[in-house]
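K.L.:
Chains as they are written, first to last, in our numbering: chain S, 1 to 116; chain B, 1 to 115. We treat Cβ as the ideally placed atom computed from N, Cα and C, and that holds for glycine. Just passing along the structure, written as structure tokens.
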Amino acid sequence: AQSVTQLGSHVSVSEGALVLLRCNYSSSVPPYLFWYVQYPNQGLQLLLKYTSAATLVKGINGFEAEFKKSETSFHLTKPSAHMSDAAEYFCAVRIDRGSTLGRLYFGRGTQLTVWP
Amino acid sequence: GAVVSQHPSRVICKSGTSVKIECRSLDFQATTMFWYRQFPKQSLMLMATSNEGSKATYEQGVEKDKFLINHASLTLSTLTVTSAHPEDSSFYICSATGRGNEKLFFGSGTQLSVL
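The structure is reproduced here in structure tokens:
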């Protein structure tokens, strides 16, 4: 069965610093992996997704993630944090490759705080 | 972009009462909707999948008689928590996808607190 684990429920960085949010997955088949962001009082929005094409995936707002099979990881990074990046971030894996889009297993989320 | 509206955003109720949460797609036809819940400090978990006009498909361990899902139209799905108990207190989120199944849109969630 597919699952993801997000390491660290809270991450704090200074504005301009590197953002690194960790996600490890468990999957018996090549996974489809996603990162979502949730701003206060809004729905989750897709940041980026990996579907077995390029291992380095670029998303919106300057975020990117690298799929590393050997480490079973899909960490999210951004070179320089902005105040507007403060939000909750969720890593997710599709429950099975043949399933519909919303059948996802999410991590518990990581709250990113950006200090001025 | 497409919008999914979820109401209420927060609800407090007494134990034993039923609570209805609505999820509406505002500018597209939601052929499939999904309901999730997140207990404190735990993962966001898929509860059920509903296709318009069909009975919902529940994930293992989710009681279908307790969590009633109705998806009678292409723009509205409801989740009713029947005879709610304190252990049902959780954050509930819906999402929806339209024809072609290319994008998924999320509601902003409902925080349910059962006293």
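From arginine 24 (chain B) to cysteine 13 (chain B), what distance separates their C-alpha atoms?
P.N.:
Here the question's residue 24 (chain B) lines up with position 24 in the second sequence. Here the question's residue 13 (chain B) lines up with position 13 in the second sequence. Between arginine 24 (chain B) and cysteine 13 (chain B), the C-alpha separation is close to 22 Å.
K.L.:
DSSP puts valine 29 (chain S) in a beta bridge; with which residues?
P.N.:
As a working mapping, residue 29 (chain S) is identified with position 29 in the first sequence. Paired residues: none, contrary to the question.
K.L.:
Have a look at B:His71, B:Leu76, B:Ser113, B:Ser89 and flag the residue whose alpha-carbon is nearest the alpha-carbon of valine 3 (chain B).
P.N.:
For this step, residue 3 (chain B) is matched to residue 3 along the second sequence. Selected option, being the one with the closest Cα: B:Leu76.
K.L.:
Which same chain residues, not among the five before or five after serine 12 (chain S), have their C-beta less than 6 Å away from its C-beta?
P.N.:
Residue numbering aside, residue 12 (chain S) sits at position 12 when the first sequence is read from its first letter. Excluding residues within five positions, the ones whose Cβ falls inside 6 Å are Thr113.
K.L.:
Exposed or buried, which one is glutamate 88 (chain B) when buried takes at least 16 other CB atoms within 10 Å?
P.N.:
The residue labelled residue 88 (chain B) in the question sits at position 88 within the second sequence. Sequence inspection shows aspartate at residue 88 (chain B); the glutamate mentioned does not correspond to that position. Its Cβ being crowded by 16 or more others within 10 Å, aspartate 88 (chain B) is buried.
K.L.:
Of the residues S:Gln2, S:Gly102, S:Val19, which one's Cα is nearest the Cα of serine 84 (chain S)?
P.N.:
As a working mapping, residue 84 (chain S) is identified with position 84 in the first sequence. Out of S:Gln2, S:Gly102, S:Val19, S:Val19 has the C-alpha closest to the C-alpha of serine 84 (chain S).
K.L.:
Beta-carbon within less than 6 Å of threonine 78 (chain B)'s beta-carbon, same chain only, minus the 5 sequence neighbours each way: which residues are those?
P.N.:
On the second sequence, residue 78 (chain B) is found 78 positions in, with the first residue counted as 1. So the list reads Lys20, Glu22, Asn70, once near-sequence residues are dropped.
K.L.:
Go ahead and pull the three-state DSSP assignment for asparagine 61 (chain S).
P.N.:
Taking the first residue of the first sequence as 1, we reach residue 61 (chain S) at position 61. Here asparagine 61 (chain S) sits in helix by DSSP.
K.L.:
For leucine 46 (chain B), would you say it is in contact with chain S, using Cβ-to-Cβ distances shorter than 8 Å as the test?
P.N.:
Working through the second sequence from its first residue, we reach residue 46 (chain B) at position 46. Yes, because at least one Cβ of chain S sits closer than 8 Å to the Cβ of leucine 46 (chain B).
K.L.:
Below 8 Å between beta carbons: does that hold for glutamine 6 (chain S) and serine 27 (chain S)?
P.N.:
As a working mapping, residue 6 (chain S) is identified with position 6 in the first sequence. As a working mapping, residue 27 (chain S) is identified with position 27 in the first sequence. Not closer than 8 Å, so no.
K.L.:
With DSSP as the reference, identify every bridge partner of threonine 67 (chain S), one or two as the case may be.
P.N.:
In the first sequence, the residue the question calls residue 67 (chain S) occupies position 67. Residue identity differs from the one stated: residue 67 (chain S) is phenylalanine in this sequence, not threonine. Answer is S:Phe74.
K.L.:
Leaving out the 5 sequence neighbours to the left and right, which residues in its chain are closer than 7 Å to serine 75 (chain S) when beta-carbon positions are compared?
P.N.:
If you number the first sequence from 1, residue 75 (chain S) lands on position 75. Here the sequence assigns histidine to residue 75 (chain S), which means serine is not the residue at that position. Counting only Cβ-Cβ distances below 7 Å, and skipping sequence neighbours, we find Leu20, Leu21, Arg22, Cys23, Ala65, Glu66.
K.L.:
Is glutamate 22 (chain B) helix, strand or coil when you go by DSSP?
P.N.:
For this step, residue 22 (chain B) is matched to residue 22 along the second sequence. The answer is strand: DSSP assigns glutamate 22 (chain B) an E or B state.
K.L.:
Hey, out of B:Val114, B:Val81, B:Gln111, B:Leu104, whose CA is closest to alanine 68 (chain B)'s CA?
P.N.:
Working through the second sequence from its first residue, we reach residue 68 (chain B) at position 68. Sequence inspection shows leucine at residue 68 (chain B); the alanine mentioned does not correspond to that position. Nearest of B:Val114, B:Val81, B:Gln111, B:Leu104 to leucine 68 (chain B), Cα basis: B:Val81.
K.L.:
Within 8 Å of any Cβ in chain B, is that where the Cβ of phenylalanine 74 (chain S) sits?
P.N.:
Position 74 of the first sequence, counting from 1, holds the residue named residue 74 (chain S). No, its Cβ sits nowhere closer than 8 Å to a Cβ of chain B.
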